[in-house]
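Counting from 1, position 127 in the first sequence corresponds to residue 120 in the numbering used here; the numbering is continuous, with no gaps.
Quick reminder that beta carbons are idealized off the backbone N, C-alpha and C, glycines included.
Since this is a predicted model, take the numbers as computed values, not measurements.
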Amino acid sequence: MINLYNTLTRKKEIFKPMNGNRVKMFVCGPTVYDNSHIGHARTYISFDVIVRYLKYRGFTVFYLQNITDIDDKIIKRSKESGFDPLKLARQFEKKYQDCMKAMGVESVNFYARATEHLPEIIQQIQTLLEKRFAYETDKGVYFDESRFPDFGKLSNRKLEDLTVHRINPDTSKKNPGDFALWKKRKGEPVWDSPWGPGRPGWHIEDTAITEEYFGPQYDIHGGGLDLIFPHHEAEIAQMESASGKKPMVSYWMHTGFLNVKGEKMSKSLGNFITIKDLLKTHNPEVFRFFVLSTHYRSPIDFSNEILEQSQNSLKRIYKLLETIDELLESDIEESTENDLLCKQRVQETEESFLEAMDNDFNTPFALSTIFDFIREVNRYINHQEISKKSLNRSKNLIIEFGDILGFNFSQKSSDKSSENIVEDGLLEIITDVRAKLREQKDWELSDDIRNKLKNLHINLEDK
RNA sequence: GCCAAGGUAGCUUAGAGGCGAAGCGGUGGACUGCAGAUCCAUUACACGGGAGUUCAAAUCUCUCCCUUGGCUCCA
């Protein structure tokens, strides 16, 4: 039984999809006007793990994500660079996809572009106009907030509070808080509509897309914490008004922010880190571990020091797996006396791991159960009190956990980084020579080689 | 001002009324030719301050302090 925190009710609820075991899930995708940063990566890795776990628990998940490929920021960027806005968007969308692939985010079933859903968007605006939830001005079509008293239910705000700090109220609108469904424009990428040429507002694309694939009601809607207001609030207003059905979404899930050394990541502060740059120096699994070592709703603080901690922690897991593989290939003296105990510990570990994940996807606790288990297995190995059967069982458990969390534990970590065949060959020659030196007890030279390799960030460990 | 999320050992984080965790880092020991890895011990009588409720509070209530984010189609 999975419990998840619902932003709408501000408490943990038992997860029950509307339709048996089939889960319809939508997460707000990026606006593709620039390279994706590690804050994006945090959010999408979190939802990747959530989907992996739901699937592991027997749910069939359809995970839909939108791509905002027409937007003010894209147009601004295109004017600065001279590129065609739609081509610019395609370019950054491609980069985003490459980053997600590199990060091991594989769970999204379909990416829906806003520009490929104009008929659905226009249809939904039509419906809102017909039901008089929207009105047209000479600037565009706007949602009439006064017709939707529930506005603010997700972010816990009242309509009257929202007018306090408004700047430059647009007097052509009925209420200051009314948001654009359709923007009448010229000289930019425009589409024909019953209200003349223009382009859709930011919020309407998501509800048009989800209505097309999921209908007016579905199970999970996710996104970054910053999207709660106004974006998700507006989505609720549009969809629930258009369909007359409530609630639009059963469970709202939001991921916490990623800060860099305690500050918000921004270009002006010079602490803006793109996924591409991160991957130049770091293994994607290290970043994934870093993300999962904090609960998805909590703020997470990024720094190179913390990333190094994650790297060392992850190394501990890989180290045990390597040790197990070596033992399985060797003729060790087996001890079967702990088999029962080991089997029991595997079961207990699995139970506490799943319990942690069931509890609103508590990955930090889940990771700690892995480490508890690792220490125990290491202890057995140290005392030579383990059989190959138990070693296999332990290994499979850790690999299974890796599949849920998105780590490929069945592959050696060293195999993932090495791409250079010549380099590997040379390294093998060096280690062979060194092994012979050690046979001859030439410690001075063999240590010298080891130290020099270490300076090149190649760590040799003698048995 | 309003809304939200936070403040737990040197660092990163779990926990959410009693039995106090995990990883990283430091130190000592076992094992090693030496390192490393691993194990054991230690750092470690940790929960922002103050009051209250309770037999019992890191956990509940109140209050104060601090940090971060959001506050409309211009994000």
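Since Y46 and M93 should fall inside the 8 Å C-beta cutoff, what is the C-beta to C-beta distance between them, to a whole number of angstroms? Incorrect: roughly 18 Å between the Cβ atoms, too far for contact.
Out of R83, I367, L398 and I397, state which residue places its alpha-carbon closest to the alpha-carbon of S383. I367
Can we say the stretch 120 to 138 touches the stretch 224 to 233, given the rule of at least three CB pairs closer than 8 Å? yes
Identify every residue that forms a DSSP beta bridge with T61. T24
Would a C-beta distance cut-off of 8 Å place I299 and F283 closer than the cut-off? yes
Using the three-state DSSP reduction, which class does G145 fall into: helix, strand or coil? coil
Roughly how many whole angstroms lie between the Cα atoms of S186 and W245? 32 Å
What's the gap between the Cα of T156 and the Cα of V101? Because T156 sits at a pLDDT of 49, beneath the cut-off of 50, its placement in the model cannot be relied upon, and the point is left open.
When DSSP builds the beta bridges, which residues end up paired with G217? T248
Cβ-based neighbour list, E437, same chain, cut-off 8 Å, excluding 5 preceding and 5 following: none
Just to confirm, is the Cβ distance from I521 to L218 under 8 Å? Any property of residue 521 remains undetermined from this structure, which presents the chain solely from -6 to 456.
Where does S166 land, buried or exposed, given buried means 16+ other C-beta within 10 angstroms? A small correction: the amino acid at residue 166 is Lys; Ser does not occupy that position in the sequence shown. Buried is the call here.
Three or more C-beta pairs under 8 Å: does that hold for the stretch 63 to 73 against the stretch 2 to 14? no
If I measure Cβ to Cβ from N161 and keep anything under 6 Å in the same chain, skipping five residues before and after, which residues do I get? Low confidence applies to N161: its pLDDT is 49, below 50, so where it sits in the model is not reliable, and the reading given next is rough at best. Nothing listed; no residue qualifies.
Quick test of your reading: I391 and L314, contact by CB under 8 Å. State the CB separation rounded to the nearest angstrom. 6 Å
Under 8 Å between the Cβ atoms of V16 and D212? yes
Could you spell out where the beta strand (DSSP E) holding N(-4) opens and where it closes? N(-4) to N(-1)
Taking 8 Å as the threshold (C-beta atoms), are D351 and K5 in contact? no
Are three or more beta carbon pairs between the stretch 22 to 36 and the stretch 76 to 91 nearer than 8 Å? yes
For the putative contact between R150 and F222, defined by C-beta atoms under 8 Å, what is the C-beta separation to the nearest angstrom? 7 Å
Of the residues L453, L262, E129 and L251, which one's Cα is nearest the Cα of S296? L251
Using the rule of at least 16 other Cβ atoms within 10 Å of the residue's Cβ for burial, across every protein chain shown, is S439 buried or exposed? buried
Quick check on DSSP: helix, strand or coil for R427? helix
Environment of N448 [buried if 16+ CB atoms lie within 10 Å]: exposed
Inter-residue spacing [alpha-carbon to alpha-carbon] between V20 and N385: 38 Å
Measure the alpha-carbon distance for R192 versus A34 and round it to whole angstroms. 29 Å
Taking only the alpha-carbon atoms, compute the straight-line gap between H30 and Q404 and give it to the nearest angstrom. 27 Å
Can you tell me which of the three DSSP states H30 falls into? strand
Below 8 Å on the Cβ atoms is my contact criterion, and I expect I43 with T108 to pass it. Report the Cβ-Cβ distance as a whole number of Å. I43 to T108, Cβ: 28 Å. No contact.
Applying the criterion that 16 or more other CB atoms from any shown protein chain within 10 Å of the CB defines a buried residue, is I451 buried or exposed? exposed
State the DSSP-derived secondary structure class of W436, mapped to helix, strand or coil. helix
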